[in-house]
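Engineer: Supplied in C-alpha cells, the structure appears directly below.
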Amino acid sequence: MQKFSVKLVGAEEAIKSLRKLDDNVRKKILKKVAREALKPMVASYKRNIRDSDEVFKVYRDGKIYAEIQPGQLRRSVGIKFPRNLNKRGRFGASVGPRRSGSFKSQNKGGWYAGFINFGWLRVGGKRYTGDNKGFAQKAMAAAKMQVTVKFRRTFTEKVNKEVKKLKFAQKQGLR
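In case it helps, the numbering used here puts the sequence shown at residues 3 to 177.
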C-alpha cells in the first residue's frame, strides 16, 4: 500500500511548544490530533468499499475457515496506532482494516483486506478483479489533501490548548 506523511509548515511556534512537553503528554496530544485529522481518511475508505451481496466462505484444508459477512470489511476499517510505528520517541498512526483486539476473530476482522485490495484472492481459479480491487489506494488519493489540511489545523489548535492548560496548572502550583 502507498504511504503518505504530513509535514507541518508554518506551525513553528506550536512545534517548539510541543518539543518542550513531556513525552507522555506529547504522545497524548498527537493521538488526539491523529484521531481527529484521520476521520476523512476513514470515511473515504468506507466509501470506497463495495459490500458483497452474499456470505463469502473461506476454505482451508477442505473445511470452512471463516464466513465473511457483507459489510465486514467496511466495519473493520479504523484508525490504528501500531507499536512498530511508535518506538523510540517516534509517533505514527495508520488507517485501514483492523485485525487485532476485538477484531482478531476471523469472522469479524479485516484480515483478508490485502487479498481483495491487491487482487491476490482467487475466485474460480482466476485472480480477483472486482469493484474492491485497489480500494485502499483510491481512498488515500481521495482524502490525502483533506487529512493534511485538517491535521495542520487540529495540530496547532490542540498543542496550544494543552500548553495553555499546563501554564495554568504551573501557575496554580506556584501559589
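By construction, the Cβ of each residue, glycine as well, lies at the ideal position given by its N, Cα and C atoms.
#1: According to the Cβ coordinates, are SER54 and ALA145 closer than 7 Å?
#2: Tell me the residue span of the beta strand (DSSP E) that contains ILE66.
#3: Helix, strand or coil for ILE81, going by three-state DSSP, please let me know.
#4: Go through its chain and collect everything with a Cβ distance to GLU164's Cβ below 6 Å, but skip five positions before and after it.
#5: Can VAL57 and GLU69 be called in contact, C-beta distance under 7 Å?
#6: Quick one, which of GLY112, LYS41, GLY98 and ARG90 has its alpha-carbon nearest GLY73's?
#7: Closest to GLY94 by C-alpha separation, out of SER104, ILE81, LYS106 and GLY103, would be which residue?
#8: If you check the beta carbons only, do PRO1 and GLN148 fall under 7 Å apart?
#9: Where do the N-terminal and C-terminal ends of the alpha helix (DSSP H) with SER46 fall, by residue?
#10: For GLY98, which residues does DSSP report across the bridge?
#11: Under three-state DSSP, which class holds LYS128?
Structural biologist: In short:
#1: no
#2: 65-70
#3: strand
#4: Once the five neighbours on either side are set aside, the close Cβ partners of GLU164 are ILE31.
#5: With respect to the 7 Å criterion, VAL57 and GLU69 are classified as neighbours on the basis of their beta carbons.
#6: GLY112
#7: ILE81
#8: Outside the shown range of the chain, which is 3 to 177, sits residue 1, and nothing can be said about it.
#9: Run containing SER46: 41-50, per the alpha helix (DSSP H) assignment.
#10: GLY80
#11: strand
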